[in-house]
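The next block holds one structure in the form of structure tokens; read it before the comments.
Below is the structure:
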């Protein structure tokens, strides 16, 4: 068996792995079928009448021969798989990720799992850059750095011999109000009238030493550092960090190294916006601007960078930062470290012995003790990364803690394709790498399978196939491709003499292109409708009618839904056949009269005449006290008594105007209040045949109210209350004054007067001196 056969068998095995017999498949063509789910296969066998798109095992069970089943294989192949290892003579670059390149053939929702190995290499390149505050107050820390430079090199050399060290200093922008710009201070910012201290001319940032392996050169450079000074307390730290990180070539950062910036300062920092104090309004562009002397050339043109700019720049260049600061600035820099990735804050020792060396050792060990595997986002591809080595403190995530140099750990990388892209976008590239170490990476080339080879336009198929209605089409990929003027599943329909294959299956006036309204299949210009649909164009939904008694059209005994409308059977009516045409439910026993002769029976219920209510219209509304609430009667009475110009309601009963209603028998008297406060009185009298309104000729008005006594009472009450409040205030004031005066007299009796000298008083002195008197000459 050849290698190619083995690889093909492996792909088929991997492609079938995990396929469930419960997979739901759908598709009218082979390409649609295999693009639906990785568990779906297509049968190309002739005379196969069952659904052709099914899981492979289901197709075999249904009678499709294995060689007629199309089920494209999936799988992975490592195209570059160099073992992880340290740097050596033959391999100058350490390899920390294995494999390096992988090719994947995948279908929709197929789970492709790759085992990736990570190993923290010995002698991995390390770049250390020391960025120190050059203020005079940092002089002791700079001297300590010089004395410890050899120890630092030796300490890092115990972990990795492949290290480089660089050095830069910063102060602040040389402009008021940040730096004193008087000529004397520009020459020596530390000049003072009472002390003779010499400092270097001010500057904001300067790279003093490019990355080097020579620790002696590093030590000499640091020793020669001359401190400087400025006016305000904040420093140009942000500008210095931005230039030290972005100037990769000028500083000497290596592409494949772990980058560590050691920042030391005893003061806070300026941020974006502070430059406006000096008239600098142009925002920082986040680019490198070092001149040939290594100085920041745009310090007087661009503002300080913002925290978000520092965050973006440091993360993009994968630089770890140690903020070595004093106790006073610890909280401020901790807030900054929360926003800048891979940065920590350490306290700077104020004693004679600096702790810079210990800080660097601890940070570097932290850098190599944890690895986080991340990946680039690619549309249509989901990736999950899970650590599965025992050495990791927490498994099942993309982070492994507790790692040691030289130890290997494994990650499971699961790749799942979630969508089939257009034909020109079916090759995807994904890069997986450790965070902040993008040069160590695994590249995935994903080939997404969404088509069948037999569906390709270049595939010939079986021409003039007898399977396609005696040679009226080409049998290709399990389907018939019909020749001109033929259509149908097996090309059984003839188009000659017709406008189109779907002209008789398309509903006239329908602007859509769906045949049979989308609810059926056109076979030879005749619509074969799906279940629950009917009509010439399957336009009728036979379950789209209304319901009564929780059944469509009231159920089969009452009616039937035909093209969206209920067709009721004899004895029933209504839009949903909810009404019975029989009057039996409207007959009152024992009289047997329909609705008590006071209404009509509609849909099995009585609709009563005016003035009657009840299930059988047995209650007379006009015969009770409720007639006063009738809006019709009230409008008719009001309209008649006020002689309005507008026409009174047309349904008013007979109205009789009487002098008085008090002496008449009948129902109670009804009243209507008018806008002037008067009332209209009327009474409704009903007989068996008609209703009459008896309306009193005159309105009933209440007697007018005498306002004068009411007004006098209100005014008198207000005055009386005011006088009472004044009297109460006077009484309380007199009582409190008497109490205070008594207390004052008692204090006067207890006073003791005394005279004492002021201990702070010093009498005036006068000195006289005769300017003509010479004390060296003897007096006569």
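Residue numbers (UniProt numbering): 1 to 780.
Glycine is no exception: its CB is placed at the ideal position from the N, C-alpha and C atoms.
Given the structure is predicted, the values throughout are model-derived calculations rather than measurements.
Classify residue 352: buried if its beta carbon has 16 or more other beta carbons within 10 angstroms, exposed otherwise.
Here the model assigns residue 352 a pLDDT of 46, short of 50, so the residue's position is not dependable and the matter cannot be decided.
For a minimum of 3 consecutive residues, which ranges assigned as the beta strand (DSSP E) are wholly contained in the region 520-578?
520-523, 526-529, 559-562, 565-568
List the residues that DSSP assigns as beta-bridge partners of residue 112.
415
Length of the line joining the Cα atoms of residue 174 and residue 227
15 Å
Any idea what DSSP makes of residue 29, helix, strand or coil?
coil
Between the region 390-409 and the region 327-339, do three or more beta carbon pairs fall short of 8 Å?
no
Compute the beta-carbon to beta-carbon distance between residue 38 and residue 110, rounded to the nearest angstrom, for a pair I have assumed lies under 8 Å.
4 Å
Pick out whichever of 548, 563, 595 has its Cα sitting closest to the Cα of residue 572.
548
So, do the region 137-156 and the region 283-303 have three or more beta carbon pairs nearer to each other than 8 Å?
no
Could you tell me which residues DSSP puts in a beta bridge with residue 656?
694
Just list the beta strand (DSSP E) runs in the region 235-270, keeping only unbroken ones of 3 residues or longer that don't cross its boundaries, in chain order.
258-265
If you reduce the DSSP assignment to three classes, tell me which class residue 710 lands in.
helix
Contact check, residue 586 vs residue 595, beta carbons under 9 Å
yes
Which class does residue 65 belong to by DSSP, given the choice of helix, strand or coil?
coil
Could you check whether residue 443 and residue 210 sit closer than 9 Å to each other, using their CB atoms as the reference points?
no
Evaluate contact between the region 369-386 and the region 417-434, counting only Cβ atoms and requiring at least three cross-stretch pairs below 8 Å.
yes
Can you name the start and end residues of the alpha helix (DSSP H) that residue 174 belongs to?
Unbroken run through residue 174: none, as it is neither H nor E.
Just how far apart, CA to CA, sit residue 677 and residue 702?
8 Å
Residue 486: beta carbon under 8 Å from a heavy atom of the ligand HEM?
The ligand HEM is not part of this structure, which contains no ligands at all.
Are the CB atoms of residue 130 and residue 264 within a distance shorter than 9 Å?
yes
Spatially closest choice to residue 521 from 489, 53, 455, by CA coordinates:
489
From residue 243 to residue 384, what distance separates their C-alpha atoms?
37 Å
Same chain, Cβ closer than 7 Å to residue 188, five either side skipped, listed in chain order:
198, 199
From the DSSP output, in three-state form, read off residue 781 for me.
Outside the shown range of the chain (1 to 780) lies residue 781, about which nothing can therefore be said.
Coarse secondary structure for residue 53, derived from DSSP in three states
strand
Using beta-carbon positions only, say whether residue 106 and residue 448 come within less than 9 Å of one another.
yes
Where do the ends of the alpha helix (DSSP H) carrying residue 315 lie?
307-316
Give a yes or no on whether the C-beta atoms belonging to residue 358 and residue 299 are separated by under 9 Å.
no
Would you report the Cα separation of residue 638 and residue 694, rounded to the nearest angstrom?
12 Å
Residue 370: first and last residue of the uninterrupted alpha helix (DSSP H) it sits in:
Residue 370 -> not in any alpha helix (DSSP H); beta strand (DSSP E) instead, spanning 370-375.
Just the C-alpha distance for residue 315 and residue 279, rounded to the nearest angstrom, thanks.
30 Å
Taking C-alpha atoms, which residue in 30, 45, 41 lies nearest to residue 23?
41
Specify the secondary structure class of residue 792 as computed by DSSP and reduced to three states.
Absent from the model: residue 792. The displayed extent of the chain is 1 to 780, so no value can be given.
Note the first and the last residue of the continuous alpha helix (DSSP H) segment covering residue 208.
Here residue 208 belongs to no alpha helix (DSSP H); instead the beta strand (DSSP E) covers 205-212.
State the start and end residues of the unbroken alpha helix (DSSP H) segment that holds residue 636.
631-641
In three-state DSSP terms, what is residue 718?
helix
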